[in-house]
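The opening residue of the sequence shown carries number 0 in numbering that gives the first Met the number 0; numbering runs sequentially from there.
Notes for the one structure printed next.
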Amino acid sequence: MKFDILTLFPEVMNDYFKQGLLGRAQRSGLIQVQAHNLRNWTDDKHQTVDDKPYGGGNGMVLKVGPIYRAVKELKGRRRKVKVVLLTPRGRVFDQKLAREYADLRQLIIISGRYEGVDERVAENIADDQVSIGPYVLMSGDLPAMIMVEVIARLQAGVAGKESWLAERQERGGFWECPQYTRPEIFQPNNRTKWSVPKTLVKGDHRAIKKWRQEKGKLIERG
Ligand code: ADE
């Protein structure tokens, strides 16, 4: 799957995407992630990406032209492509929506900046408008990175051992459970002991399964 992000600050994002599991997944060809500078698609010598709003008011609005040209070029002739505009007004992103996007060949993400994006982008260019939660950020840059990470993790081979995923996907959904590792008893000071729950240490698999079911939280219904 290919991810293309349109932003005014591609460097920070591309650095991030080179690290850890995302970096490894790209080097092994499982996914491609690329943040692009919207200024590459401007048509004036000052590389203007924004302008004053019609009707007056504060702030600047991202222009439709550079976004239109960028999306047209990035899309090419691929099928199974979606274009997402990030905005606090959008549908809230959750694991279910991530799964829908995970089946695409390409996802183009437009990160809004400044006080807004010309509404013609939402009306004519974007297939969906997505928000990562009910709060307002200064741009769609962090939301874009979050979307890429969540969706990339669902691609086969990206998140490491499939058996680990399958185990958590038992019982009709994805379970997130408390995890512990050595030491069994940690002593932050002489008076305090933090212990690992006995059930996990003992190794009775039936009991462990039951414990995880009780303590785990269902993140997504299967
Ligand atoms: N841009 C600003 N706030 C946002 C949010 N919550 N989700 C997506 N894009 C945003």
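We treat Cβ as the ideally placed atom computed from N, Cα and C, and that holds for glycine.
Remember, predicted model here, so these are calculated numbers, not experimental data.
The criterion of a C-beta distance shorter than 8 Å is satisfied by Val129 and Gly89.
Secondary structure in the segment 105-157: the alpha helix (DSSP H) runs of 4 residues or longer, each lying completely within the stretch, are 140-152 in chain order. With a cutoff of 8 Å on beta-carbon distance, Leu106 and Phe8 are scored as not near each other. If you ignore the 5 residues before and after Lys214, its C-beta comes within less than 8 Å of the C-beta of Cys176, Pro177, all in its own chain and listed in chain order.
Boundaries of the alpha helix (DSSP H) around Phe16: 9-16. Under a 10 Å Cβ-count criterion, Ile109 is classified as buried, with 16 or more other Cβ atoms of the shown protein chains found around its own Cβ. Near ligand 1, meaning a Cβ closer than 5 Å to any of its heavy atoms, lie the following residues in chain order: Leu85, Pro87, Ser130, Ile131, Val135, Leu136, Gly139, Pro142. For Val60, the CB contacts under 8 Å within the same chain, skipping 5 residues up- and downstream, are Asp49, Asp50, Lys51, Pro52, Tyr113, Glu114, Gly115, Val116, Asp117 in chain order.
The alpha-carbon separation between Ile4 and Gly172 amounts to approximately 30 Å. Under the 10 Å beta carbon count, Pro196 is surrounded by fewer than 16 other beta carbons and is classified as exposed. For Pro196, no alpha helix (DSSP H) encloses it, and the DSSP letter there is neither H nor E.
In terms of Cβ geometry, Glu219 and Lys44 do not form a close pair [threshold 8 Å]. Gly56 sits in coil when the DSSP states are folded into three classes, being neither helix nor strand.
Assignment of Ile30 by DSSP, reduced to helix, strand and coil, places it in the coil class.
When the Cα atoms are used, Val63 and Lys74 turn out to be separated by approximately 16 Å.
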